[in-house]
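Visitor:
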Amino acid sequence: MQKRTLGKTNIEIVPLVFGGNVFGWTLDAKESFEILDAIVDLGLNAIDTADVYSRWAPGNQGGESETIIGKWLKANPHKRDKISIFTKVGSDMGGDHKGLSKRWIMRSVEDSLKRLHIEVIDLYQSHWPDPETSYEETLSAYEQLLKEGKIKAIGTSNYTAQQLSDSLRVAKERSLPAYQTLQPEYNLYDREQFNPELRKLVVDEEIGVITYYSLASGFLSGKYRRIEDLNQGPRGEKVAGYMNDRGVHMLGLLDQISNKHQATCAEISLAWLIAQKEVTAPIASATTISQLQSLVKSLTIQLDQEDLELLNKA
2 MQKRTLGKTN IEIVPLVFGG NVFGWTLDAK ESFEILDAIV DLGLNAIDTA DVYSRWAPGN
62 QGGESETIIG KWLKANPHKR DKISIFTKVG SDMGGDHKGL SKRWIMRSVE DSLKRLHIEV
122 IDLYQSHWPD PETSYEETLS AYEQLLKEGK IKAIGTSNYT AQQLSDSLRV AKERSLPAYQ
182 TLQPEYNLYD REQFNPELRK LVVDEEIGVI TYYSLASGFL SGKYRRIEDL NQGPRGEKVA
242 GYMNDRGVHM LGLLDQISNK HQATCAEISL AWLIAQKEVT APIASATTIS QLQSLVKSLT
302 IQLDQEDLEL LNKA
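In our numbering, the protein residues as written are 2 to 315.
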């Protein structure tokens, strides 16, 4: 399966990253193990998670996703070399356990390594901007972790063009490691965050991009067509925001192109993301083997210029 290099890192990934937020949320440990085994069997080689996943679920405290991945890796140590592990720090874990201070990063990385049962994190990402902490402090923490061999590369998520540009300037001025990847919200419907200014910046600076909410919380799968459909899953409330004239028009175009390629709406939506020159790989999740197989099919779909133009203007 053809791979892409993630920015200036030495990480080569299949252009589809599995989103690990489902582990410990919509999937229990047994179901998660089955999906994790299938990820490797189907040829995918990167999983994105975070320390906070899935704190929002009733009864959870955070760390559930990393813990499940770690138990799977401990049970299957031979599969560690087949999977790059991406995780994040900075979200609110309760009390003062949040943000991008050096104090919290140095503690949080140890917690993540312990939960994941690994010695080094392939990509460690700042989950959210932290206005209370300087870029210099955050990047100096990452510098120490890189020197100690606890992480291999650093990235950020949810940064604006100005924030990313400022962080890169500080890294250069202070001779600190710079962010090598960006994780923005981006899909056919939601294009505001990954705007032209940010797109130009990542190209100019050769920053790898992995997009989240790549299927707009499932809306772009075509699964949700009526208000009654919102009861089908835990993301129904968020999906409701897409059920407007623009969303209906977009699903109509996806239906049209899906029929042409004998594919699903989700597969076409991911194929569109994979075809964007600024995107290294979209992140997408699945809760069944058949859904996962469908995600992988998106890697084989070649959208023609007409398809791309229709979707670009959608």
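Cβ coordinates follow ideal geometry from the N, Cα and C atoms, glycine included.
#1: Smallest Cα separation from D246: which of R226, T265, I258?
#2: Give me the residue from E206, A272, S135, L169 with the minimum Cα distance to T301.
#3: Between K83, I48, W26, which lies nearest to A58 when the distance is taken from Cα to Cα?
#4: Let's test the definition: count the other Cβ atoms within 10 Å of the Cβ of Q126 and tell me whether it reaches 16, buried, or not, exposed.
#5: Among S299, M244, Y243, which residue has its Cα nearest to the Cα of S259?
#6: Checking the sheet assignment: what are the DSSP bridge partners for P283?
#7: Buried or exposed: where does Q3 fall if 16 or more other Cβ atoms within 10 Å of its Cβ makes it buried?
#8: Given a threshold of 16 other Cβ atoms within 10 Å of its Cβ, counted over all protein chains shown, does V249 qualify as buried or as exposed?
#9: If you follow the beta strand (DSSP E) that S127 is in, where does it begin and where does it stop?
#10: Alpha carbon to alpha carbon, how far is F87 from I122?
#11: Mind listing, in chain order, the continuous alpha helix (DSSP H) runs of no fewer than 4 residues lying wholly within the segment 17–95?
#12: For K80, I'd like the list of residues in its chain whose CB is within less than 6 Å of its CB, leaving aside the five on either flank, ordered along the chain.
#13: Which residues share a DSSP beta bridge with R108?
#14: Here's the rule I'm using: 16 or more other beta-carbon atoms within 10 Å means buried, otherwise exposed. How should A142 be labelled?
#15: Run the CB neighbour count on E279, radius 10 Å, all protein chains shown included, and call it buried at 16 or more, exposed below.
#16: For S176 and N11, I'd like the C-alpha separation in whole angstroms.
#17: Rounded to the nearest angstrom, how far is the Cβ of L255 from that of C266, given a contact under 8 Å?
#18: Return the chain-ordered ranges of every beta strand (DSSP E) run that is complete within the segment 119–184 and spans a minimum of 3 residues.
#19: For L37, I'd like the list of residues in its chain whose CB is within less than 6 Å of its CB, leaving aside the five on either flank, ordered along the chain.
#20: Quick one: what does DSSP say E307 is sitting in, helix, strand or coil?
#21: Among the residues of its own chain, which have a CB less than 6 Å from the CB of W129, if the five just before and after it don't count?
#22: Assign T6 to one of three DSSP states: helix, strand, or coil.
#23: Do I14 and A47 have their C-beta atoms closer together than 8 Å?
#24: Decide if the segment 107–118 is in contact with the segment 55–70; the criterion is three or more beta carbon pairs, one per stretch, under 8 Å apart.
Guide: In this structure, then:
#1: Here residue 246 corresponds to residue number 245 of the sequence shown, with the count starting at 1. Residue R226 is the option with its Cα nearest to D246.
#2: Walking along the sequence shown from the start, residue 301 turns up at place 300. Among E206, A272, S135, L169, the Cα nearest to that of T301 belongs to A272.
#3: Your numbering for residue 58 matches position 57 in the sequence shown. The option with the nearest alpha carbon to A58 is W26.
#4: Within the sequence shown, residue 126 is the residue found at index 125, counting from 1. Buried.
#5: One-based indexing of the sequence shown puts residue 259 at position 258. Measuring from the Cα of S259, the nearest candidate turns out to be S299.
#6: Taking the sequence shown and counting its residues from 1, the one referred to as residue 283 is at position 282. Note: P283 sits in a beta bridge opposite T212.
#7: Position 2 of the sequence shown, counted from the first residue, corresponds to residue 3. Its Cβ having fewer than 16 others within 10 Å, Q3 is exposed.
#8: Here residue 249 is taken as the residue at index 248 of the sequence shown, counted from 1. Result: exposed.
#9: For the purposes of this step, residue 127 is taken as the residue at position 126 of the sequence shown. Element bounds for S127: 124–127.
#10: Reading the sequence shown from its first residue, position 86 is the one you call residue 87. Reading the sequence shown from its first residue, position 121 is the one you call residue 122. Between the alpha carbons of F87 and I122 lies a distance of about 7 Å.
#11: 30–42, 65–76
#12: Within the sequence shown, the letter at position 79 stands for residue 80. Within the same chain, and ignoring the five residues on either side of K80 in sequence, the residues whose Cβ sits closer than 6 Å to its Cβ are V41.
#13: Taking the first residue of the sequence shown as 1, we reach residue 108 at position 107. None, per the DSSP bridge assignment.
#14: Taking the first residue of the sequence shown as position 1, residue 142 is located at position 141. Buried, by the Cβ-count rule.
#15: For this step, residue 279 is matched to residue 278 along the sequence shown. Classification for E279: buried.
#16: Here residue 176 refers to the residue found at position 175 of the sequence shown. Here residue 11 refers to the residue found at position 10 of the sequence shown. For S176 and N11, the distance between alpha carbons rounds to 20 Å.
#17: As a working note, residue 255 is residue 254 in the sequence shown. As a working note, residue 266 is residue 265 in the sequence shown. Contact holds; Cβ gap of about 4 Å.
#18: 124–127, 155–158, 182–184
#19: The count along the sequence shown starts at 1 and reaches residue 37 at position 36. For L37, where only same-chain residues beyond five positions count, the Cβ hits under 6 Å are W73.
#20: Taking the first residue of the sequence shown as 1, we reach residue 307 at position 306. Reduced to three states, the DSSP call for E307 is helix.
#21: Here residue 129 refers to the residue found at position 128 of the sequence shown. Excluding residues within five positions, the ones whose Cβ falls inside 6 Å are G91, N159.
#22: Residue mapping note: residue 6 aligns to position 5 of the sequence shown, counting from 1. Looking at T6 - three-state DSSP - the assignment turns out to be strand.
#23: One-based indexing of the sequence shown puts residue 14 at position 13. One-based indexing of the sequence shown puts residue 47 at position 46. Yes, the pair counts as a contact, with Cβ atoms nearer than the cut-off.
#24: yes
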